Amino acid sequence: APTLFAATPRTWRNNFHLAQAYLDKYYTKKGGHQVGEMVSRGGNSMVKKIKELQTFFGLPLTGKLDQSTMDVIKKPRCGVPDVAN
Amino acid sequence: YRLFPGEPKWEKNTLTYRISKYAASMSPAEVERAIEMALRAWSSAVPLNFVRINSGEADIMVSFETGDHGDSYPFDGPRGTLAHAFAPGEGLGGDTHFDNAEKWTLGMNGFNLFTVAAHEFGHALGLAHSTDPSALMYPTYKYKNPYGFRLPKDDVKGIQALYGPRKPYLGKPTVPHLPPRKPSIPDVCDSSSSFDAVTMLGKELLFFKDRIFWRRQVHLLSEIRPRTITSSFPQLMSNVDAAYEVAERGTAYFFKGPHYWVTRGFQIQGPPRTIYDFGFPRHVQRIDAAVYLKEPRKTLFFVGDEYYSYDERKRKMEKDYPKSTEEEFSGVNGQIDAAVELNGYIYFFSGPKTYKYDIEKEDVVSVVKSSSWIGC
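Protein sequence lines, in the order shown, are assigned to chains A and B.
All residue numbers for the first sequence refer to the numbering used here, where the first residue is 1 and numbers rise by one.
All residue numbers for the second sequence refer to the numbering used here, where the first residue is 1001 and numbers rise by one.
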């Protein structure tokens, strides 16, 4: 898989986990009372979810956790997913 | 804007809400005020009414929760996720939860509860996230000043797609036509525009507009009379761009285009000089507003949506300027037409509004009509 982003190993790991939790929370379908998610066919690889996030926020569609993508991931926000069903 | 799939909405136009658990970081009264203002932001655009109840099950249950609070969307402590809300529906539908681990505030020193609540109630009424960065329904936090808040266009379109527009109130016929107001101050009271310049001069406050200026005592609204600028400042003629006074020097500065005049009281001292004396870059052709801050002894010059800081002690422009006005004085909306400091507050005149900015709190504490300063 293409390297998700260029960073120092420690930052790499932190960012990766932060991003994984973010994508899981806001770009992944869950069970229970739907607070709002979009159904996405055939499951989402991480790269695909990153691209969904980049599309939503109008970022360059790299599929990588580049600086501008990580900046968005680190911003305080609403807990309702961006892809709603 | 985006709606939730299936476009869930409320089928009634009066909704109840109840604040069942309060924030740790704000008083109950402050929470109630912010929540009420946040709901009003939506009811101003659509025919929905919100009624607060204090017991039982409301359509919109509002609560401040910590961590896992039983709805399979646990909160995550300070920052990160701030709040969430559920789309319209029975039971959990419409309910709105705020992360109690956040520092909630009515101002800017923390997360502004009005800003987040207005966003969450958008969800509770049926809006999903918008991809428009200027929209209230954009997912990431951006402070909105509750005073003078206007729902962004994208959000108005979204909520009216669900509930239609709020009809203008055509109830009982309008009150019988009032006798025309005696033209106390000819046209400024009615106009929606602001002043060109405002400054202290000695013990008086001066307001400039076109060819007219008004003088008044700081604490007295009486005896405000318009007079022509030429009657007191023949060289200035009309349309002063900006003005400020350095009281400890007994000197005032009046700006028009790329020139300025120095006065002692109403006495102009010599011919006009160029604003480049202050160190402005050549592309600056005029100043929109100027205000002298006693404490740091610096003068802020506003040009478009930026501002410069001039050190009156060293008599030179400070480095790292211009800066964005909105970033430094967020909550003050629109271009600055005039500004003056009084008793630790900066009054920013922008169009028909005057923003009272608390220098210490770094926050707008109230908004009034500009024309009220001259007795309108």
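Each residue gets a CB set at the ideal place from its N, CA and C atoms; glycine is no exception.
Treat the numbers as computed from the prediction; the structure is a model and nothing was measured.
### Query
At least one CB of chain B closer than 8 Å to the CB of PRO76/A: is that the case?
For the purposes of this step, residue 76/A is taken as residue 76 along the first sequence, with counting starting at 1. Judged by the 8 Å Cβ criterion, PRO76/A is in contact with chain B.
### Message
Which residues does DSSP list as the beta-bridge partners of ASN1049/B?
### Response
Against the second sequence, residue 1049/B aligns to sequence position 49. THR1014/B.
### Task
Verify the CB distance criterion: does GLY1080/B have a CB-CB separation below 8 Å to chain A?
Position 80 of the second sequence, counted from the first residue, corresponds to residue 1080/B. Cβ-Cβ to chain A under 8 Å: yes for GLY1080/B.
### Query
Along the chain, where does the alpha helix (DSSP H) that runs through GLU1326/B open and close?
Against the second sequence, residue 1326/B aligns to sequence position 326. First-last of the alpha helix (DSSP H) with GLU1326/B: 1325–1328.
### Query
Looking at the unbroken alpha helix (DSSP H) that takes in PRO9/A, where does it start and where does it end?
As a working note, residue 9/A is residue 9 in the first sequence. For PRO9/A, the uninterrupted alpha helix (DSSP H) segment begins and ends at 9–26.
### Query
What in chain A is Cβ-close to ALA1083/B, meaning under 8 Å?
Along the second sequence, read from residue 1 onward, the residue named residue 1083/B stands at position 83. Within chain A, the residues near ALA1083/B are CYS78 and GLY79.
### Message
To the nearest angstrom, how far is the alpha carbon of ARG1264/B from that of LYS1167/B?
### Response
For the purposes of this step, residue 1264/B is taken as the residue at position 264 of the second sequence. For the purposes of this step, residue 1167/B is taken as the residue at position 167 of the second sequence. ARG1264/B and LYS1167/B: Cα-Cα distance of roughly 56 Å.
### Nearest candidate by alpha-carbon position, reference SER1330/B, set HIS1119/B, VAL1051/B and ASP1358/B
The residue you call residue 1330/B lines up with position 330 of the second sequence. Nearest to SER1330/B by C-alpha distance, out of HIS1119/B, VAL1051/B and ASP1358/B, is ASP1358/B.
### Query
Who are CYS78/A's beta bridge partners in DSSP?
Here residue 78/A refers to the residue found at position 78 of the first sequence. In DSSP, CYS78/A forms a bridge with ALA1083/B.
### Query
Whose C-alpha, out of ARG1313/B, PHE1004/B and VAL1303/B, is nearest the C-alpha of GLY1126/B?
The count along the second sequence starts at 1 and reaches residue 1126/B at position 126. The shortest C-alpha separation from GLY1126/B is found at PHE1004/B.
### Query
Do you know how far the Cα of PRO81/A is from the Cα of ARG1297/B?
Residue mapping note: residue 1297/B aligns to position 297 of the second sequence, counting from 1. Residue mapping note: residue 81/A aligns to position 81 of the first sequence, counting from 1. Using only the alpha carbons, I get a separation of about 49 Å.
### With 16 other Cβ atoms within 10 Å as the buried cut-off, status of PRO1008/B
Here the question's residue 1008/B lines up with position 8 in the second sequence. The residue is buried, with at least 16 neighbouring Cβ atoms inside 10 Å.
### Residues near PRO1183/B by beta carbon distance below 6 Å, same chain, minus five either side
The sequence position of residue 1183/B within the second sequence is 183, counting from 1. Unreliable placement is indicated for PRO1183/B, whose pLDDT of 33 sits below 50; the coordinate value is still reported in the next sentence. There are no such residues.
### Query
Between PRO1281/B and chain A, is there a C-beta pair that is closer than 8 Å?
Here residue 1281/B refers to the residue found at position 281 of the second sequence. No, PRO1281/B does not count as interfacial toward chain A.
### Message
Taking only three categories from DSSP, how would you classify ILE1275/B?
### Response
As a first step, residue 1275/B is located in the second sequence; it is residue number 275 there, counting from the start. In the structure shown, ILE1275/B sits in a helix (DSSP, three-state: H, G or I).
### Message
Restricting to Cα atoms, I'd like to know which of HIS1084/B, ASN1054/B, GLY1093/B and GLU1011/B is closest to LEU1048/B.
### Response
Position 48 of the second sequence, counted from the first residue, corresponds to residue 1048/B. Considering only alpha carbons, the answer is GLU1011/B.
### Query
Counting only beta-carbon atoms, is GLU1120/B nearer than 8 Å to chain A?
What you label residue 1120/B is simply residue 120 of the second sequence in a count that begins at 1. True, the Cβ-Cβ gap to chain A drops below 8 Å.
### Same chain, Cβ closer than 6 Å to VAL1218/B, neighbours up to 5 away in sequence not counted
What you label residue 1218/B is simply residue 218 of the second sequence in a count that begins at 1. These residues qualify, in order along the chain: LEU1205.
### Task
Might you give, ordered along the chain, the residues of its own chain that have their beta carbon closer than 6 Å to the beta carbon of GLY79/A, omitting 5 neighbours on each side?
As a position in the first sequence, residue 79/A is number 79, starting the count at 1. The answer is none, since no qualifying residue turns up.
### Task
Identify the contact partners of VAL82/A in chain B, using a Cβ-Cβ distance below 7 Å as the criterion.
Mapped onto the first sequence, residue 82/A falls at position 82. It should be noted that the sequence gives Asp, not Val, for residue 82/A. Chain B residues near ASP82/A: HIS1129 and PRO1139.
### Task
For TYR1253/B, go through chain A and note every residue whose CB falls closer than 7 Å to its CB, in chain order.
On the second sequence, residue 1253/B is found 253 positions in, with the first residue counted as 1. One finds nothing in chain A with a Cβ atom closer than 7 Å to the Cβ of TYR1253/B; even the nearest lies about 42 Å away.
### Message
Applying the 10 Å Cβ sphere with the 16-neighbour rule, what's the burial state of GLN54/A?
### Response
As a first step, residue 54/A is located in the first sequence; it is residue number 54 there, counting from the start. That one is buried.
### Query
PHE1111/B touches chain A at which residues, Cβ-Cβ below 9 Å?
Taking the second sequence and counting its residues from 1, the one referred to as residue 1111/B is at position 111. What PHE1111/B touches in chain A: PRO76.
### Task
Evaluate contact between the stretch 1038–1057 of chain B and the stretch 1013–1021 of chain B, counting only Cβ atoms and requiring at least three cross-stretch pairs below 8 Å.
Yes: the two stretches touch, three or more of their Cβ pairs being nearer than 8 Å.
### Message
Quick check for students: name the residue ranges of the alpha helix (DSSP H) that lie wholly in the stretch 1225–1258 of chain B, counting only runs of 4 or more.
### Response
Counting only runs of 4 or more, we get 1229–1232.
### Interface partners of PHE56/A on chain B, CB under 7 Å
By 1-based counting over the first sequence, the position of residue 56/A is 56. Neighbours of PHE56/A on chain B, chain order: THR1131.
### Message
Between TRP1373/B and PHE1207/B, how many whole angstroms is the CB-CB distance? I'm expecting something under 8 Å.
### Response
As a working mapping, residue 1373/B is identified with position 373 in the second sequence. As a working mapping, residue 1207/B is identified with position 207 in the second sequence. Rounded to whole angstroms, the Cβ separation of TRP1373/B and PHE1207/B is 6 Å, and the two are in contact under 8 Å.
### Task
Using a threshold of 8 Å, state whether the C-beta atoms of VAL1291/B and TYR1244/B are closer than that.
Mapped onto the second sequence, residue 1291/B falls at position 291. Mapped onto the second sequence, residue 1244/B falls at position 244. A contact, by the Cβ cut-off of 8 Å.
### Message
For ILE73/A, which residues in the same chain have their Cβ closer than 7 Å to its Cβ, ignoring the five residues on either side in sequence?
### Response
For the purposes of this step, residue 73/A is taken as residue 73 along the first sequence, with counting starting at 1. By the criterion of a C-beta distance shorter than 7 Å, ILE73/A is surrounded in its chain by LEU18, ALA19 and TYR22, once the five residues flanking it on both sides are discounted.
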